[in-house]
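Chains as they are written, first to last, in the numbering used here: chain A, 3 to 518; chain B, 543 to 1016.
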Amino acid sequence: MAIKVVIKPNTYFDSVTLMSLSTKANQIDGVDQAVIAMGTAMNKGVLRNVGLMTPEVEAAGNGDLLIVVTAASAERCESALPEIEALFNQRNQARSAGETRYATLDGALRQSSEANLAIISVPGEYAAREARKALEHGLHVLMFSDNVSVDDELQLKQIAHDKGLLMMGPDCGTAILGRVGLCFANAVRPGNIGIVGASGTGSQEVSVRIHDFGGGITQLIGTGGRDMSERVGGIMMIDGLRALAADPATAVIVLVSKPPAKSVEEKVLAEIKACAKPVVVCFLGGSEEAVTRAGGHFARTTKEAALRAVVLAGHDEQHINKRALNLPLIDEVRAKLTPQQQHIRGLLCGGTLCYELMLLAQQRFTNVYSNIAKDPSYQLPDVNISREHSFIDLGDDEFTRGRPHPMIDPTLRIARLLQEAEDPSVGVIVLDFILGFGAHEDPVGVTLPAIRECKQRAASAGRHLEILGYVLGTDADAPSLHEQTAMLAAAGVTIASSCTNAGLLARGFVDRGASA
Amino acid sequence: MSQIDRLFKGVDVVNVGIEFFKDDIVKQGARAVQVDWRPPGGGNVEVIAALDRLASASVTERIEAANQQAVERIINSRPMLVGFGRAIDVVPGMTRETILHAGPPITWQRMNGAMKGAVTGALVFEGLATDLSEAAQLAASGEIHFAPCHEFGCVGSMAGVTSASMTMHVVRNKIYGNVAYTNLSEQMAKILRMGANDASVIERLNWMRDVLGPILTAAMQTAGEIDLRLLLSQALHMGDECHNRNNACTALLIQALTPHILETDFPTAQKRQVFDFVASSDYFSGPTWMALCKCALDAAHGIPDSTIVTTMCRNGVEFGIRVSGLPGNTWFTGPAQPVIGPMFAGYKREDSGLDIGDSAITETYGLGGFAMAAAPAIVALVGGTIDDAIAFSVNMAEITTAQNPNVTIPLLNFRGIASGIDVRKVVQTGILPVISTAIAHKDAGIGMIGAGITYPPAECFDKALLALVAATEA
């Protein structure tokens, strides 16, 4: 094996671009392995561990780009290099001519005096600095970056609060503001329902459900995943709620989150009490009683939250297709499974989707495990090996360290899918496919070969493998909900019309004790 | 309308990070601009901390005020050519045993091939050694005083070797009174400043000392003074950037000198030699603009709290900078970089010496690489496209403080050249000042083998930033 290292000093690319470049570089003929990464301590550690450390790599700094190529011979390495260079050039040419770009936020702000929102997705250790600058210039902030300290988050949100600005994040991937979908969001009809969400895919799910039920969105404000924690205290959830309460175009407000810390829940409910507009509260797994006492409308599921919101917003309930559960289908599938096939395996890209599916299963079964279980006794000891009913959030840190998110790169999920299909105790595998801005350009298409393979393998082993698919999106997304759903159906995948329904169907398929 | 109301009405986005977020916003018909973010200070934690300390409100105020002053001095300076004279006569502190060189301080032992070649050639020219090997012994003996041109008020192109008998431009700042000096272009490719030192080189230096120098000196005695900044401004409107491309500015300079040369009391044949010499290469006035830039930048050196770069120079081994807020001869150095560009036929990358010369003083002022948009013709020499040339001039705005309204670039709507390189901005953005320059062969005796683009090492600016923080907090 030969190894060739090229260092490009003082050359920076973001993590997403590097992943894309690495993937393409690995596909070059003759290349055994190619690593394209920044010279950070972490990346050097990775290279050291896989035996690819060299003196040049060691000497490289944080701001230098590493290109490490292994091949059968030195000549193969050398011949691969121009092709790798070409990948960088392709990237440059893709930029539109005449587009103004800036090297710093300051530079951009000097020229863009009309800017009102900064979207920040730089590595966590630098993100707070950029956000602070943006807030000081009077811009709202949407921060996709995570790995930002709680102290920084608190400080930023306090600055924002004092200045009448929104600090959405850290760890906030979804917003719809001024009719524009930001980061990971779906094309949703405009309307009179506002959403404040502490959960990315949870917010996406509620927004597309609202669209499906005939309603529409004014604004979707993200707060970041940690906003409802004790220390942060729900600052943005409350400021978001107030903003929508003051917005003349918003008639109904929906709050989406996992259950908040007790002190935070009290604060939020107090706001609801003071709010003149109807507020639908979807704190997944939270307490109904407290919400009702505060005058809010409690929703147990994301589907219910959307439905209630749409009705409160003035749509005639009689004319809404509520996508009732197909009970005959449940019986039909249950009949196809062997007595041994008792378990659900959920392989999810969306964290909140995983969470909701897990909750629904827990209402019927006790042996429900996950890599994001609240109760440590139901935490999978090895996240790569499922047990009994298992719901895996493949977007969680353990799976995404040094790898792209499953929404962008399906490789890890495909491997896991094939693994689950081998297990004769598995009755149904649940897969989510997320569409919209930021998503993979064909999430279903890229997974179909693996789906077909799984079904074939199970069939050869003499059993039916039920694959239940849920596509999160609308017909205004590209690709559309309709297109992607049709592809799944053609491959024999059962289609759920919502995350909630997917959870109900999945547990119904393997529940031999009772009806759904 | 509150901030939130405005947000709810529509987004106008600055995207810092992953690019497709911006693309998707633009697809939806809203406005978004991309910040090509890089870790500040190349991710160096110490440097980032230093940037943060300089960013406090009170410190920023002091720095901004100091930088304003520095940039005003650069822009308002009016360097005037007031005469020529021999180094020993006009350069304060010059002695027979002094050899000045380009770049930051360096010992004889560490000098590269080209500079050593120039030094030994100069020692023979001065009559301090009878041949090159004797000159090498003399250079190593400790009897020769080596110093950077910059520390004697001079600048020197390429090896920049300046010795007592060489004729120097005398450039006085009409507004601030300081004076800068530089020697004369030798015009050809096989020349002392490129490290060549054979008999032909020495012969030419002799002629320059005996004919060219005295004629120019006499001419300026009748001319009095020539407003160099005026010629510079005209030259940029005529397609020059006054570092590598000096066609127009040389024509303008010689036009100003010609009547006075004619009036001097020298044989016509010698005057003819002078005109032929100037015509033999467009580069004749290259040193003149270097002296102009040094004159303007020296006037801005030594302003407390200022983070403006007043010197960028190289000696073929190291790149050195000085900043206004750290007065005197405090150098911040890093390794000189390779120059990348087209090479003359037969030469390869391995033949190149590293970046060398005081000519980066032109970029420090805002010319050369910074003004490439004024000189589309230069792209043939340094490689690249006209769009690249324009982009360089535009990008340098990110690391500078102001535009110089006296020296403008027509293609950019007569935008003034980017003035006042700010150390903080260089470190924050990771954008290094671009320099377009000649490539000398790494060995003595051969000369120029190409031209191209290069950059300072980032560490110069990192070191300067840390020193500035220490000074601010002292």
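Each residue gets a CB set at the ideal place from its N, CA and C atoms; glycine is no exception.
| field | Check whether A/V258 and A/G199 have beta carbons under 9 Å apart | value | Yes, Cβ-Cβ distance for A/V258 and A/G199 is below 9 Å.
Item checked: Under 8 Å by beta carbon: chain A residues contacting B/G972 -> The answer, in chain order, is N12, Y14, G65 and A105.
Item to complete: Just grab the DSSP bridge partners of A/K10 for me.
Response: DSSP, once it has assigned bridges, lists A/L67 as partnering A/K10.
- prompt: For the alpha helix (DSSP H) that A/A36 lies in, which residues bound it at each end?
  reply: It is not in any alpha helix (DSSP H) - A/A36 instead sits in the beta strand (DSSP E) that spans V33 to M40.
Could you confirm whether any beta carbon from chain A is found closer than 9 Å to the beta carbon of B/L896?
B/L896 does not count as touching chain A.
- Item | Secondary structure of B/R751, DSSP reduced to three states | Looking at B/R751 - three-state DSSP - the assignment turns out to be helix.
Could you give the first and the last residue of the continuous alpha helix (DSSP H) run that contains B/P829? Per DSSP, B/P829 belongs to the alpha helix (DSSP H) from G828 to D840.
For this session: Would you mind giving the Cβ-Cβ distance between A/G314 and A/P280, rounded to the nearest angstrom? I have them listed as a contact below 8 Å.
Result: The displayed chain sequence assigns Leu, not Gly, to residue 314 of chain A. Rounded, the Cβ-Cβ distance is 5 Å, consistent with contact.
- Message: Among A/Q29, A/D16 and A/G109, whose alpha-carbon lies nearest the alpha-carbon of A/L67?
- Response: Ranking the options by Cα distance to A/L67, first place goes to A/D16.
### Message
Once DSSP output is grouped into helix, strand and coil, what is the label at A/L271?
### Response
Looking at A/L271 - three-state DSSP - the assignment turns out to be helix.
Those runs of the beta strand (DSSP E) which lie wholly inside the region 328-361 of chain A and span at least 3 residues = Contiguous beta strand (DSSP E) elements confined to the region 328-361 of chain A occur at 345-350, taking only those with 3 or more residues.
| request: Measure the alpha-carbon distance for B/G989 versus B/K658 and round it to whole angstroms. | output: Answer to the nearest angstrom: the Cα atoms are 13 Å apart.
Problem - Nonlocal neighbours in the same chain, by C-beta distance under 8 Å from B/T602, ignoring five residues either side - result: Closer than 8 Å at the Cβ level, and outside the excluded window around B/T602, lie L596.
Given 8 Å as the limit, is there contact between the region 997-1004 of chain B and the region 973-987 of chain B, that is, 3 or more CB pairs closer than that? These segments touch.
* Report yes or no: is there a C-beta of chain A within less than 9 Å of the C-beta of B/K890? => So no, B/K890 is outside the interface.
* With 16 other CB atoms within 10 Å as the buried threshold, where does B/C837 fall? -> Its Cβ being crowded by 16 or more others within 10 Å, B/C837 is buried.
Around the C-beta of A/G404, are 16 or more other C-beta atoms found within 10 angstroms, so that it is buried, or is it exposed?
-> Counting Cβ neighbours within 10 Å, A/G404 comes out exposed, since fewer than 16 surround it.
### Query
Which residue's Cα is closest to the Cα of A/I197: A/S147, A/N149 and A/A251?
Per the Cα distances, A/A251.
Worksheet item: Among the residues of its own chain, which have a CB less than 6 Å from the CB of B/V632, if the five just before and after it don't count?
Response: Taken in chain order, the residues that qualify are M710 and V712.
So, with DSSP's three-state summary, where would you put B/N789? Looking at B/N789 - three-state DSSP - the assignment turns out to be helix.
Can you give me the start and stop residues for the beta strand (DSSP E) that B/M657 sits inside? B/M657 -> not in any beta strand (DSSP E); alpha helix (DSSP H) instead, spanning G655 to F667.
(message) One question on the structure: do A/T354 and A/T225 come within less than 9 Å of each other, judged by their Cβ atoms?
(response) No.
Residues that A/E290 contacts on chain B, provided the C-beta gap is smaller than 7 Å: The premise fails here: A/E290 is roughly 31 Å from chain B at the closest Cβ pair, so nothing lies under 7 Å.
Whole-angstrom distance between A/L246 and A/K264, CA atom to CA atom:
Distance between A/K264 and A/L246, taken at the CA atoms: about 23 Å.
**Prompt:** So A/I436 and A/P445 are in contact, right, with Cβ under 8 Å, and what is the actual spacing, rounded?
**Reply:** Sure, about 6 Å apart at Cβ, within 8 Å.
_Across the region 355-374 of chain A and the region 387-396 of chain A, are there enough close Cβ pairs to call them in contact, namely three or more that are closer than 8 Å?_
A contact exists between the region 355-374 of chain A and the region 387-396 of chain A.
Cβ neighbours of B/V851 in the same chain (closer than 7 Å, five flanking residues each side left out): Counting only Cβ-Cβ distances below 7 Å, and skipping sequence neighbours, we find I863, V865, T906, I963 and V965.
Q) Helix, strand or coil for A/H163 per DSSP? A) Of the three classes helix, strand and coil, the one that applies to A/H163 here is helix, per DSSP.
- Message: I'd like the span of the beta strand (DSSP E) that includes B/F626, first residue to last.
- Response: Unbroken beta strand (DSSP E) run through B/F626: P621 to R628.
Next on the checklist: I'd like to check one pair, B/N557 with B/F550: are the Cβ atoms closer than 9 Å?
Outcome noted: Between B/F550 and B/N557, the gap from beta carbon to beta carbon reaches 9 Å or more.
- Task: Could you check if A/S517 is buried or exposed, using at least 16 other CB atoms within 10 Å of its CB as the buried criterion?
- Result: Below a pLDDT of 50, predicted positions are generally treated as unreliable, and A/S517, at 47, falls in that range; no measurement from the model is reported.
| task | Run down chain A in chain order and give the residues with a C-beta less than 8 Å from the C-beta of B/L549. | result | Near B/L549 (Cβ distances below 8 Å), the residues of chain A are N118, L119, H142, L168, L179 and G180.
Chain C beta carbons: is any one of them nearer than 9 Å to that of A/I219?
-> Going by chain labels, chain C is absent from the structure shown, which instead holds the protein chains A and B.
Selected residue, minimal CA-CA separation from A/A452, among A/A43, A/D318 and A/I431
Closest by alpha carbon: A/I431.
Note to self: Using a Cβ-Cβ cutoff of less than 7 Å, which residues in the same chain neighbour B/D1004 once the five nearest sequence positions on both sides are dropped?
What the structure shows: If we look at B/D1004 and ignore the five residues flanking it on each side, its Cβ neighbours are G583, N586, V589 and V969.
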